[in-house]
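Chemist: Residue numbers (my numbering): 108 to 360. Every residue, glycine too, gets a C-beta built ideally from N, C-alpha and C. Dropping the structure in here first, questions after.
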């Protein structure tokens, strides 16, 4: 799909439990398509800078540094309790944006030959790496899904594992907030692509700086809003549990 310039179809490979999640995946597909178009423009305009940055990203990943966009968002959120974002956070955020823009799908081909599947039943298969379950001991699976005109095997995102389940949207408001975050980044990518193609951007640093200016504050605010929504959901669940009548203890009147 990526080689055919159809990155927008990648989310179709993910299993969605409900219509709200499928709509979120469609929005993600639009963002991925526009990100691919930006990466192509950057490669054309700044080939030497792009190749250099790819090597730097590989080295940073080997050192275990947070190089992904959402990794930087998570760090920003954890620090937000101590005050507003500082200059170092902004710079790290800009660097993460720059890496994802220049090579958004560079890791997809890495290790493909190591992947395989093992049937669990007629409708579920386990994804294996070097013959062993991926993400052991929890595992990663694929599920047979029937669409209007065909059957496909879709990857089931591990959304129920500890540390992830709490961030999965469950209410209408939470889905809207996630959609807003994706739309924020999508708008930034579209604007940057226009600027790069028109010659307004003179280097990758210009691109990342402009992206940070456009996206950092809205993204941080969206993450904060989502945190508040999750807290509201948690309090509502606790209140509902407290109001539920307790079953009588056997042997007591």
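Can you tell me whether residue 274 is buried or exposed, with buried defined as 16 or more other CB within 10 angstroms of its CB?
Modeler: exposed
Chemist: Would DSSP call residue 278 helix, strand or coil?
Modeler: DSSP places residue 278 outside both helix and strand once states are collapsed to three, so it counts as coil.
Chemist: Return the CA-CA distance between residue 347 and residue 119, expressed in angstroms with no decimal places.
Modeler: 36 Å
Chemist: Just reading off the beta strand (DSSP E) that residue 108 is part of, what are its end residues?
Modeler: Careful: residue 108 lies outside any beta strand (DSSP E) and carries neither H nor E.
Chemist: Residue 249 by DSSP, collapsed to three states: which one?
Modeler: strand
Chemist: Residues in the same chain with beta-carbon distance under 6 Å from residue 191, minus the five sequence neighbours each way, listed in chain order, please.
Modeler: Only weak support exists for where residue 191 lies, its pLDDT of 49 falling under 50; the value from the coordinates is given anyway. Excluding residues within five positions, none has a Cβ falling inside 6 Å.
Chemist: Here's a check: name, in chain order, each residue in its chain whose Cβ is nearer than 6 Å to the Cβ of residue 276, leaving out the five neighbours to either side.
Modeler: 282, 285
Chemist: Where does the unbroken alpha helix (DSSP H) through residue 325 begin, and where does it stop?
Modeler: 311-350
Chemist: Just confirm the distance between the C-beta atoms of residue 290 and residue 134, as a whole number of angstroms; I'd bet it's less than 8 Å.
Modeler: 7 Å
Chemist: Ordered along the chain, which non-local residues of its own chain (more than five positions away) have a Cβ less than 7 Å from that of residue 123?
Modeler: Within the same chain, residue 123 has close Cβ partners 129, 132.
Chemist: Using alpha carbons as the reference points, say which of 258, 149, 113 lies closest to residue 231.
Modeler: 258
Chemist: DSSP three-state call for residue 235: helix, strand or coil?
Modeler: strand
Chemist: For the stretch 254-273 against the stretch 300-320, do three or more pairs of beta-carbon atoms, one drawn from each stretch, fall closer than 8 Å, so that the two count as touching?
Modeler: The answer is no - the stretch 300-320 does not touch the stretch 254-273, with fewer than three Cβ pairs under 8 Å.
Chemist: Is the beta carbon of residue 146 less than 8 Å from the beta carbon of residue 209?
Modeler: yes
Chemist: Where does the unbroken beta strand (DSSP E) through residue 123 begin, and where does it stop?
Modeler: Premise fails: residue 123 is in no beta strand (DSSP E) and is neither H nor E.
Chemist: Three or more C-beta pairs closer than 8 Å, one from the stretch 237-247 and one from the stretch 288-302: is that the case here?
Modeler: no
Chemist: Taking only three categories from DSSP, how would you classify residue 184?
Modeler: Residue confidence for residue 184 is low, a pLDDT of 46 falling below 50, so the modelled location carries little weight and cannot support an answer.
Chemist: Give the secondary structure of residue 114 by DSSP, where H, G and I count as helix, E and B as strand, and everything else as coil.
Modeler: helix
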